[in-house]
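For the protein sequence lines, the chains are A and B, in the order given.
Following my numbering, the numbering of the first sequence begins with 431 at its first residue and continues without gaps.
Following my numbering, the numbering of the second sequence begins with 431 at its first residue and continues without gaps.
2 protein chains.
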Amino acid sequence: MLFMDVHENLTGVKAADVAEAHQKDLAIQDQYGVDYRQYWVDEAGGRVFCLVEAPSAEAAAAVHKEAHGLLPDHAYPVTEGV
Amino acid sequence: MLFMDVHENLTGVKAADVAEAHQKDLAIQDQYGVDYRQYWVDEAGGRVFCLVEAPSAEAAAAVHKEAHGLLPDHAYPVTEGV
């Protein structure tokens, strides 16, 4: 399944910090069968979007939890446009 | 600039309908210097995410307005993670 995770209210978030957190996700995601494919950072709005392929929203969240503890506010199941 | 457009409250939205709208965007976007790169549809939640490269949020919205009239609820300026 594909999900768009949205993290909100990250006031002052910096793209460099998100890059670091993302690397932590990548380092452990295989254990959960999860693939954090892409992400986008809205620094001004304190918002991060993560596109993640995962067996479930819970599995995707488990990676975030173990890697850095920053859980998303929303995990929307999505289909990708072509 | 890169934006994540979010369309909400699209109750009953179908991926096929969004695909059609997206094609209409692609057909005219060059006139505005805009590139609708990717999109994702949350059918259950009535939500669409559009990743768009544009000179401004207004230019991106102008394409949607001319192509099919469906304007986003949000247009977040984002940087893409690597």
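Quick reminder that beta carbons are idealized off the backbone N, C-alpha and C, glycines included.
Here the structure is a predicted model, which means the values were calculated and not measured.
- Answer yes or no: does any C-beta atom of chain D fall closer than 9 Å to that of A474 (chain B)? In the structure shown, chain D cannot be found, because the protein chains are A and B.
- Task: Can you say whether P502 (chain B) is buried or exposed, counting buried as having 16 or more other CB atoms within 10 angstroms of its CB?
- Result: Your numbering for residue 502 (chain B) matches position 72 in the second sequence. Around the beta carbon of P502 (chain B), a 10 Å sphere encloses 16 or more other beta carbons of the protein chains shown; the residue is thus reported as buried.
- Message: Residues of chain B with CB closer than 8 Å to the CB of A445 (chain A), please, in chain order.
- Response: As a first step, residue 445 (chain A) must be located in the first sequence, where it is residue number 15. What A445 (chain A) touches in chain B: T509 and G511.
- Query: Any Cβ of chain A within less than 9 Å of the Cβ of H452 (chain B)?
  - Reply: Walking along the second sequence from the start, residue 452 (chain B) turns up at place 22. Interface criterion met: the Cβ of H452 (chain B) is under 9 Å from a Cβ in chain A.
- Message: Under 8 Å: do the segment 479-487 of chain A and the segment 441-455 of chain B share three or more Cβ pairs, one atom per stretch?
- Response: For the pair of segments examined, the segment 479-487 of chain A was found not to touch the segment 441-455 of chain B: the number of CB pairs separated by less than 8 Å stays below three.
- Task: Would you kindly report the start and end of the unbroken alpha helix (DSSP H) that includes V448 (chain B)?
- Result: Position 18 of the second sequence, counting from 1, holds the residue named residue 448 (chain B). Looking at the DSSP string, the run of the alpha helix (DSSP H) that includes V448 (chain B) is A445 to I458.
- Query: Buried or exposed: which applies to D460 (chain A), given that a residue is buried once 16 or more other Cβ atoms fall within 10 Å of its Cβ?
  - Reply: Reading the first sequence from its first residue, position 30 is the one you call residue 460 (chain A). Looking at its Cβ environment, which holds fewer than 16 other Cβ atoms inside 10 Å, D460 (chain A) is exposed.
- Message: Do A490 (chain A) and A474 (chain A) count as a contact pair if the criterion is CB distance below 9 Å?
- Response: In the first sequence, the residue the question calls residue 474 (chain A) occupies position 44. In the first sequence, the residue the question calls residue 490 (chain A) occupies position 60. No, Cβ-Cβ distance for A474 (chain A) and A490 (chain A) is not below 9 Å.
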